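Right, one structure below, let's go through it.
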Amino acid sequence: MSENQGRRNLRMPDDDQVFAVVTNMLGGSRVRLRCADGKERMGRIPGRMKFRTWISEGDVVIAEPWDWQDEKANVEWRYDDDAAEQLRREGHID
């Protein structure tokens, strides 16, 4: 059995995006994020994701911080549990 047996190619953040973990749900399509760059941000779930992708506390997401307000970010992608576990194993997130 090879070490990479269950490995999938996962979507990685672009240059202006970061990994983040949802720390709590604020309501009104807003979440609190703990980003990989060490900052806490208010995250906004865009309408295109709101009803298709359910996001809950503890989920690993890709967040894109706003250019004009660094303490806020858009949630761009949510990883399922298997993908999040793979990211932790490979050292991308803690």
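Be aware that the sequence shown starts at 1, since it is given in the UniProt record's numbering, and climbs by one per residue.
Beta carbons are placed, not taken as given, at the ideal position from N, Cα and C, and that holds for glycine.
Here the structure is a predicted model, which is why all the values come from computation and not from measurement.
Buried or exposed by the 16-neighbour rule on C-beta atoms within 10 Å, applied to residue i
i	result
GLY43	buried
PRO65	buried
ARG41	buried
ARG48	exposed
GLN17	buried
ARG78	buried
MET1	Because the pLDDT at MET1 is just 36, under 50, the model does not fix this residue reliably, and the value given afterwards should be weighed accordingly. Burial call: exposed.
Cutoff 6 Å; reference residue i; Cβ partners in own chain excluding five residues on either side
i	result
LEU10	ALA83
Residues bridged to residue i [DSSP beta-bridge criterion]
i	result
MET25	VAL31
ILE62	PHE19 and TRP77
MET49	The partner list for MET49 (beta bridge, DSSP) is empty, contrary to what the question assumes.
MET42	ARG32 and LYS72
For residue j and residue i, believed in contact at Cβ under 8 Å, the rounded distance
i	j	result
VAL60	LEU87	6 Å
PRO46	ASN24	The Cβ separation is near 19 Å, so there is no contact.
GLU71	ILE62	With 8 Å as the limit, GLU71 and ILE62 do not qualify as a contact, their Cβ atoms being about 18 Å apart.
Sequence-distant residues of the same chain with beta carbon closer than 8 Å to residue i, five excluded per side
i	result
ILE93	PHE19, VAL21, ALA36, VAL60, ALA84 and LEU87
GLY91	none
Sequence-distant residues of its chain with Cβ nearer than 7 Å to residue i (five each side left out)
i	result
LEU26	ARG32
SER29	ARG44, ILE45 and LYS50
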